[in-house]
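S.K.: Encoded as structure tokens, here's the structure I'll be asking about.
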Amino acid sequence: MPEQLSQSQIDALLQKMNSGEVHVEEESRKVREYDFKSPKKFTKEQLKSLDSLHETFSRMLAPYFSGLLRTVCEIEVSNIEEQRYYEYNNALPDSALIGLVEMKPENKHFDDARMMMDIPTSVGFYLVDRVLGGPGTGIDYDRDYTDIEIAILTNILTSITQRLEDTWNNHFDVTAKLSNLETNPRLLQIFAPEDIVVIVMMSIKLGDHLNGSLSICIPAEFLEQVIDTFNLRYTHSNKRKDPEKEEAKKRVILETVCASNMEIRAVFDEFKMSLKDIVQLQPDDVIPLNKSINSDITVTIDKVPWFTAKLGETKKKKAIKLQNIVNNGDEEIQWKNVTNQ
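The sequence shown begins at 1 in this note's numbering and counts up one residue at a time.
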């Protein structure tokens, strides 16, 4: 066929197309729906920088929960999306734990904002149970929080808010404060129903018993003002750090670690007896051991050997004197004379 068609050839081709003798394949195109009533305000790059900010927040929050609850905690950002506020509010259950956070930037060019932190009731009851020494199982209650539980959870959400403030301060100076705690999302009227908000969804794994979530609702109007400060290239800039704030962070970490409970046990000797011999034991029976009374004993911390020690007395009380530090069960390092009562 020649590269250029004559007029007669063009007319013949059009006639065949109209009669159906020639099949014309239509080009398939993917059509993406676009809601003109709710236009997207943020680009993928901007949402990515917001994701990076909350990944940092999750890394700060996980050790806090691990120390507070004495269990392994894993937190990560699962999703970030824009919604209208009424869509987010309608998706919340009738009973929830919502903390209202006041954000006040020190830069006067930025307006103050109010954020929402939503924690499911299952996670809320788990936090209360573990803080009070419970196992964290069987906490799926269908009831409202008591005043004592609200007081405990207010304390916890205040600490979470402090870590949120530290994360945002990596980009610009801001003060975050927990202003209120609500348990009924239907009574919240902090945004207009048509307002655009950004929802940050974070998944939480607490020990082996509970998988939950934490969501943060941020007004888009506030983010539009500050999002340009979230430049990924300068997230870890050489900004001069406040020595007082750094010292306060170290003090919080040290207090959290020091508050952790660990079991310490002094073991003189271990041996086995048959069940028959154990059943026949009577008061005043003497059980011979395989060690001399002057032998070293092993001191374990959470079932891990840490020290060797000697038996003794001090102030008419039984005591042990630590002798050496056990390193990996083999190497021993000399230890100062310390007496534990």
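Ideal Cβ positions, reconstructed from N, Cα and C, are used throughout, including at glycine.
#1: Beta-carbon within less than 8 Å of V342's beta-carbon, same chain only, minus the 5 sequence neighbours each way: which residues are those?
#2: Would I350 and A96 qualify as a contact pair, given that the criterion is a beta-carbon distance under 9 Å?
#3: Tell me whether the stretch 185-198 and the stretch 268-280 touch, counting them as touching only if at least three CB pairs, one residue from each stretch, are closer than 8 Å.
#4: Could you name the residues of the same chain whose beta carbon sits closer than 8 Å to that of R173, not counting the 5 residues immediately before and after it, in chain order?
#5: So which of S213, G207, D208 and H209 has the shortest CA-CA distance to M201?
#6: Looking only at its chain, what residues have a beta carbon closer than 7 Å to the beta carbon of T137, apart from the 5 residues adjacent to it on each side?
#7: In the DSSP assignment, find the unbroken beta strand (DSSP E) run with L214 in it and report its ends.
#8: For K276, does the three-state DSSP call read helix, strand or coil?
#9: For N79, which of helix, strand or coil comes out of DSSP?
#10: Can you give, in chain order, each stretch of the alpha helix (DSSP H) that sits fully within the stretch 133-158 and has at least 4 residues?
#11: Report the residue from K317, S295 and T229 whose alpha carbon sits nearest the alpha carbon of H308.
#12: Tell me which residue opens and which closes the alpha helix (DSSP H) that S58 is part of.
#13: Which residue from P243, E82 and V326 puts its Cα closest to that of S215?
#14: For E149, is the classification buried or exposed, using 16 other Cβ atoms within 10 angstroms of its Cβ as the cut-off for buried?
#15: Given a cut-off of 9 Å, decide if P185 and I98 are closer than it, judged by their beta-carbon atoms.
#16: Would the beta-carbon of L206 fall within 9 Å of that of F65?
#17: Is I253 near the ligand COA, judged by its Cβ being under 8 Å from some heavy atom?
#18: In this structure, does DSSP put S179 in helix, strand or coil?
#19: Does the stretch 242-252 come within contact of the stretch 282-289, defined as at least 3 CB pairs closer than 8 Å?
#20: Tell me, please, which residues DSSP counts as bridged to S203.
#21: Taking S88 as the reference, give the member of F110, L47 and P219 with the closest Cα.
#22: Report the residue from D285, M60, K40 and N169 whose alpha carbon sits nearest the alpha carbon of E224.
#23: By a C-beta neighbour count over all protein chains shown, 10 Å radius and 16 as the cutoff for buried, is Q323 buried or exposed?
#24: Could you pull out every residue in the same chain whose Cβ sits closer than 6 Å to the Cβ of E263, ignoring the five residues on either side in sequence?
#25: Please classify H109 as buried or exposed, where buried requires at least 16 neighbouring CB atoms within 10 angstroms.
#26: Just list the residues that DSSP pairs P305 with in beta bridges.
#27: For F57, which of K317, L188, S159 and T154 has the nearest alpha-carbon?
#28: If I follow the unbroken beta strand (DSSP E) through K104, where does it start and stop?
M.R.: Taking the definition as stated:
#1: No statement about residue 342 is possible, as the shown extent of the chain runs from 1 to 341 and does not include it.
#2: Lying outside 1 to 341, the shown extent of the chain, residue 350 is not represented and no answer is given.
#3: Touching, no.
#4: Reading off the sequence shown, one finds Asp at residue 173, where the question assumed Arg. Contacts found: P105, E106 and N107.
#5: Nearest of S213, G207, D208 and H209 to M201, Cα basis: S213.
#6: Excluding sequence neighbours, T137 sits near H209.
#7: L214 -> beta strand (DSSP E) spans L210 to P219.
#8: K276 falls in the helix class under three-state DSSP.
#9: In this structure, N79 counts as strand in the three-state DSSP scheme.
#10: List check, alpha helix (DSSP H) in window: nothing returned.
#11: In the sequence on display, residue 308 carries Thr and not His. Selected option, being the one with the closest Cα: S295.
#12: Per DSSP, the continuous alpha helix (DSSP H) segment holding S58 begins and ends at K44 to L69.
#13: The candidate whose alpha carbon is nearest that of S215 is E82.
#14: Answer is buried; the Cβ neighbour count reaches 16.
#15: The answer is yes: Cβ separation under 9 Å.
#16: Yes, Cβ-Cβ distance for L206 and F65 is below 9 Å.
#17: This structure lacks the ligand COA; in fact it carries no ligand of any kind.
#18: DSSP places S179 in the strand class (E or B) of the three-state scheme.
#19: The stretch 242-252, when compared against the stretch 282-289, does not touch it at the 8 Å Cβ threshold.
#20: Paired residues: E76 and S213.
#21: The question names Ser, but residue 88 in the sequence shown is Tyr. That would be P219, whose Cα lies nearest to the Cα of Y88.
#22: Out of D285, M60, K40 and N169, the CA that lies nearest to the CA of E224 is found in K40.
#23: Burial call: buried.
#24: Only D302 meet the Cβ criterion.
#25: By the neighbour-count rule (16 or more Cβ atoms within 10 Å), H109 is not buried but exposed.
#26: Its beta-bridge partners are T300.
#27: Checking every option, the nearest Cα to that of F57 belongs to S159.
#28: L97 to P105 is the extent of the beta strand (DSSP E) around K104.
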